[in-house]
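Novice: Could you have a look at this structure, given as structure tokens, before my questions?
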Amino acid sequence: MTRIETVLLTGFEPFDSDPLNPSWEVARALDGWQHGGATVRAMQLPCVFDQSIAVLEAALHEFQPVLVVCLGLASGRGEITPERVAININDARIADNAAQQPIDTPVATGGPAAYFSTLPIKAMVRAMRAEGVPAAVSNTAGTFVCNHIFYALMHQLARSGNAVRGGFIHVPALPELAAQHAGMPSLPLAQQVAALRAGLRTALDVQEDIREGGGRIS
Ligand code: PCA
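Numbers 217 to 434, taken from our numbering, label the letters of the sequence shown in order.
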């Protein structure tokens, strides 16, 4: 029997009274996309502390993916940003979709302060740029539900002890969202999807990340 390899790609439901969440639009556009014997399975996560982790963990258990990439919206950013680091803190500036607003609580009690992404983030950024899409490494995923799920994912993968790669990518607003917020940068869906295809290809094919500057002063 041929083993079907799954790439789990998650996006979030809308939050903060937005009508849509680009991260889910990108994920679902890639549902069923294949590369090198692996097939993308898109899944929507609730924008809710803890509940999002339960949904993710159930999906990890069910699909036993070979690669896991979680997506979220970072409105205000104009580039696709693979995240470098997840930190063990919840500090919500706004309430989540279940009206919870944790302040300075751990994602996982007793867990390490942080985890690094195990995706080849520099090579992914290069591949995305080669598609003509603005991309950059980010050194903070914030302290809201995106960092929360990123940390929980890395914590789970670390504890499972297998070599499954995982990480988180923030995506910009779509033009239809930016049209409601003056000055908000955006990228069209087709460009975001093209960048993610390049990023996923890289994450599946490239073992060693490249050595290339990705630091920022701020
Ligand atoms: N972005 C939020 C949570 C859900 C989403 O898409 C964040 O950056 O934490």
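Note that the Cβ used here is the ideal one computed from N, Cα and C, for glycine as well.
Grab the span of the alpha helix (DSSP H) containing Cys286 for me, first residue to last.
Specialist: No alpha helix (DSSP H) holds Cys286; the beta strand (DSSP E) holding it covers Leu283 to Leu289.
Novice: Once the 5 residues before and after Asn363 are set aside, which same chain residues still bring their CB inside 7 Å of it?
Specialist: These residues qualify, in order along the chain: Ala302, Ile303 and Ala357.
Novice: Leaving out the 5 sequence neighbours to the left and right, which residues in its chain are closer than 6 Å to Asn355 when beta-carbon positions are compared?
Specialist: Counting only Cβ-Cβ distances below 6 Å, and skipping sequence neighbours, we find Arg300.
Novice: CB-CB under 8 Å to Arg244, same chain, minus the five flanking residues each way: which ones, in chain order?
Specialist: Same-chain partners within the cutoff: Gly227, Ala258 and Gln260.
Novice: Identify the residues that DSSP records as bridge partners of Glu241: which are they?
Specialist: In DSSP, Glu241 forms no bridge with anything.
Novice: At a threshold of 8 Å, does Asn306 count as lining the ligand PCA (C-beta to nearest heavy atom)?
Specialist: Outside the cutoff, so no.
Novice: Going by C-alpha to C-alpha distance, which of Leu416, Gly253 and Ala308 sits closest to Gln316?
Specialist: It is Ala308.
Novice: Helix, strand or coil for Gly253? Go by DSSP, reduced to three states.
Specialist: DSSP places Gly253 in coil when its eight states are reduced to three.
Novice: Helix, strand or coil for His463 per DSSP?
Specialist: Here the chain comprises residues numbered 217 to 434, so residue 463 is not present and cannot be evaluated.
Novice: Could you name the residues of the same chain whose beta carbon sits closer than 7 Å to that of Val330, not counting the 5 residues immediately before and after it, in chain order?
Specialist: Looking at the sequence provided, one finds Ala at residue 330 rather than Val. Excluding residues within five positions, the ones whose Cβ falls inside 7 Å are Val301, Ala302, Ile303 and Asn304.
Novice: Kindly indicate which three-state DSSP category Val353 falls into: helix, strand or coil?
Specialist: Coil at Val353, not helix or strand.
Novice: Label Glu278 either buried or exposed according to how many other C-beta atoms from any shown protein chain fall within 10 Å of its C-beta, with 16 as the threshold for buried.
Specialist: Under this definition Glu278 is an exposed residue.
Novice: Over what stretch of residues does the beta strand (DSSP E) that includes Asp320 continue unbroken?
Specialist: Where Asp320 is concerned, the enclosing beta strand (DSSP E) stretches over Ile319 to Thr321.
Novice: Restricting to Cα atoms, I'd like to know which of Arg293, Glu221 and Pro336 is closest to Pro238.
Specialist: Ranking the options by Cα distance to Pro238, first place goes to Arg293.
Novice: Do you know how far the Cα of His386 is from the Cα of Leu403?
Specialist: Leu403 and His386: Cα-Cα distance of roughly 12 Å.
Novice: Work out the CA separation of Leu369 and Leu272 for me, nearest whole Å.
Specialist: Each residue's Cα considered, the two are about 8 Å apart.
Novice: Does the Cβ of Glu295 have 16 or more other Cβ atoms within 10 Å, making it buried, or fewer, making it exposed?
Specialist: So Glu295 ends up on the buried side.
Novice: Could you tell me which of Pro328, Ala352, Gln267 and Ile365 sits nearest to Ala411, measuring between CA atoms?
Specialist: Nearest of Pro328, Ala352, Gln267 and Ile365 to Ala411, Cα basis: Ala352.
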